[in-house]
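Just so you know, we're using this note's numbering here: the sequence shown kicks off at 7 and counts up by one.
Data first, discussion second: the structure below is written as structure tokens.
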Amino acid sequence: MLTLFDYLPSRNAWKVRQLLAHLGTPYRSQIVSIFEGEGRDPAFLALNPSGRVPVLQLEDGRALAESNAILAYLADGTPYLPSDPFERAKVHQWLSFEQENVESVIGALRHWTMTGKVERRPPALVEMKRKGALRTLAILDEQLSQRSFIAGDAYTIADIALFAYAARAEEAGIPLAPYPHFRAWVERVAAQPNHLDDVVPYDADPNSVNELPG
């Protein structure tokens, strides 16, 4: 059986849980208390040198890190990742966009806001993230005015990846009202079979107010 090394408030980990739910794939969950330093444990670092979740361990012991890489692995040969080379590359295009413009911008700002860390960050950095989040949502809104899903007419792992943090932008203090096409897409994604609408707040982990151990 697959083992998912998870941290429940992590929306990166949610991506993997969501695809596994779509696929109906059974797995074992292993919670990693990242703010208590478990991500720096040598045994975990042997699975992922960055010490981050999620990590997917296969039955044969091999491990795969980085949420979007895990999505691509699990989706191979399924409707969630096209077989056509160009359509497949478009999905990867948006997976790359998500990491550069969503997870590291909206995701970071959301984490800082929800854990009280935003006051500890340089104001210029916070403002840069806010402006970046607005640019990202404007791009997504414009793209989603042209088609039902981000990489085309079909729902793919690119939609899962983008939804994880972008759909929670209001928790980062970024209003979604100005982006009607994006909001309509959020509803379409949430209407997919076996959609996981659970969101575990950071305050479920009292240690999340701390900085990650180096």
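All C-beta atoms in this analysis are idealised placements derived from N, C-alpha and C, irrespective of residue type, glycine included.
Quick caveat, the model's predicted, so the values are computed rather than measured.
(request) Look at D147 and H187 and say whether their C-beta atoms are less than 7 Å apart. (result) yes
(message) Our contact map puts V5 next to A197 with C-beta atoms below 8 Å; I'd like the distance itself, whole angstroms only.
(response) This structure cannot speak to residue 5, because the chain is shown only from 7 to 220.
(request) Express the C-alpha separation of K137 and R194 in angstroms, rounding to a whole number. (result) 26 Å
(message) On a Cα-Cα basis, can you pick out the residue from T162, A19, G220, L8 that is closest to A95?
(response) T162
(message) Between the alpha carbons of L29 and L140, how many angstroms are there, rounded?
(response) 33 Å
(request) Could you check the C-alpha separation between E72 and P60 for me, to the nearest Å? (result) 7 Å
(request) Let me know if R174 comes out buried or exposed under the rule of 16 or more other beta-carbons within 10 Å of its beta-carbon. (result) buried
(request) Answer yes or no: the CB of L62 versus the heavy atoms of the ligand ADP, is any distance below 6 Å? (result) As presented, the structure is devoid of all ligands, the ligand ADP included, so that no description of it is given.
(message) Between the stretch 211-219 and the stretch 43-52, can you find at least three pairs of beta-carbon atoms closer than 8 Å?
(response) yes
(request) Have a look at A164, I145, D204 and flag the residue whose alpha-carbon is nearest the alpha-carbon of Y185. (result) I145
(request) Identify whether I145 lies in helix, strand or coil by the three-state DSSP scheme. (result) helix
(message) Considering only the alpha carbon of each residue, which of G158, G122, L115, P129 lies closest to I180?
(response) L115
(message) For R34 and P212, what's the separation of their Cα atoms in angstroms?
(response) 24 Å
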